[in-house]
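A quick write-up on the structure given underneath.
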Amino acid sequence: MPPPPAPVILSEIASPITEVRADDESEIKLRKFGLGVEVRQNIVPEFFLNLFMRAAHEVATPAYSAKFIYRTKTTDVIIKGSYWDIKAPNGNWMGIGHDWEDMEYTEFQNFKFVWGQINVVWNQPLITGLYFIYGGGIGAGAVMGDIWTTPAYNCTADNWRDATTNPISGCWHSPLDPEREKEDIPRVMAALEATFGLRYDLFSNVSFKLETGLFLPGFWQVSGSVEILF
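In terms of the working numbering, the sequence shown is residues 421 to 650.
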């Protein structure tokens with residue numbers, strides 16, 4: 421009699437199917453959507469402004485963002501809307517290429533920047549739950565508020581920071597000067613960003629990020645954010 425056929429082991433047939441399904445599920449889990457909030461400090465140092473301003477003052481004020489996130493295994497694509505109350509200090513400002521007699525006392529009224537942008541961020545794993553992140557973004561927004569200027573007098577390289585209304589001392593101006601005027605400013609401005617930092621996953625669907633890098637309009641930014649994925 422011929423020998424009986426070898427028994428069929430079902431597990432050997434089923435396991436490849438099971439593995440494919442598991443791989444499919446893992447691929448799906450690596451693609452997530454989420455929402456986040458970001459708080460950042462935008463810094464415009466005086467030395468940067470001095471590239472095109474002879475008299476300028478540092479600006480360092482917070483901005484806030486809401487984010488929509490699409491995350492894969494290695495990349496985040498982020499769409500965010502942001503609000504920056506610039507709060508540039510009132511004082512004596514003057515562009516480069518001018519003499520001291522051209523100084524103007526400058527007032528920033530409700531000066532804000534509201535913009536949207538899209539960022540692409542790459543995630544490089546360091547240890548479990550911790551990633552080195554880097555990327556950049558581009559966008560555009562609206563400049564809000566007004567800038568008023570008033571001629572300033574008796575200004576020198578030594579006293580231009582001393583903005584006063586007293587004609588006896590300092591670099592002075594008169595609030596009643598008939599030459600006080602509202603400046604024309606661009607109402608639409610581009611936004612550019614290049615950052616690096618760390619991402620820590622507290623849970624599989626909750627991430628914290630700490631980033632720093634270049635930001636225009638501005639110069640440098642430091643930010644922290646919380647992201648919740650679903």
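All C-beta atoms in this analysis are idealised placements derived from N, C-alpha and C, irrespective of residue type, glycine included.
Alpha-carbon to alpha-carbon, residue j and residue i
i, j, result
"T492", "K532", "34 angstroms"
"P482", "W568", "23 angstroms"
"E647", "N625", "8 angstroms"
"S627", "F468", "33 angstroms"
"A389", "S645", "Examination of residue 389 is not possible in this model, given that the chain is present from 421 through 650 alone."
"Q461", "I506", "10 angstroms"
"G517", "L618", "42 angstroms"
"F472", "T576", "18 angstroms"
"P587", "N512", "15 angstroms"
"L649", "N530", "35 angstroms"
"W542", "N470", "34 angstroms"
"G549", "K452", "16 angstroms"
"I498", "Q537", "8 angstroms"
Buried or exposed (CB count within 10 angstroms, at least 16 for buried), residue i
i, result
"F623", "exposed"
"K500", "buried"
"D496", "buried"
"E601", "exposed"
"E603", "exposed"
"A560", "exposed"
Sheet register partners of residue i (DSSP bridge)
i, result
"K500", "K487 and Q537"
"W520", "Its beta-bridge partners do not exist; DSSP assigns none."
"D621", "S627"
"T569", "T526 and E601"
"F453", "Y490"
"I558", "I538 and L612"
"E458", "S485 and S645"
Cβ neighbours of residue i in the same chain (closer than 7 angstroms, five flanking residues each side left out)
i, result
"D522", "M514"
"E478", "V464, P465 and E466"
"P571", "E524, H593, D597 and E599"
"I605", "V563 and I567"
Cβ shell of residue i (< 6 angstroms), same chain only, five flanking positions each side left out
i, result
"P545", "Y551"
"A614", "G556, G633 and L634"
"E631", "T615, G617 and S643"
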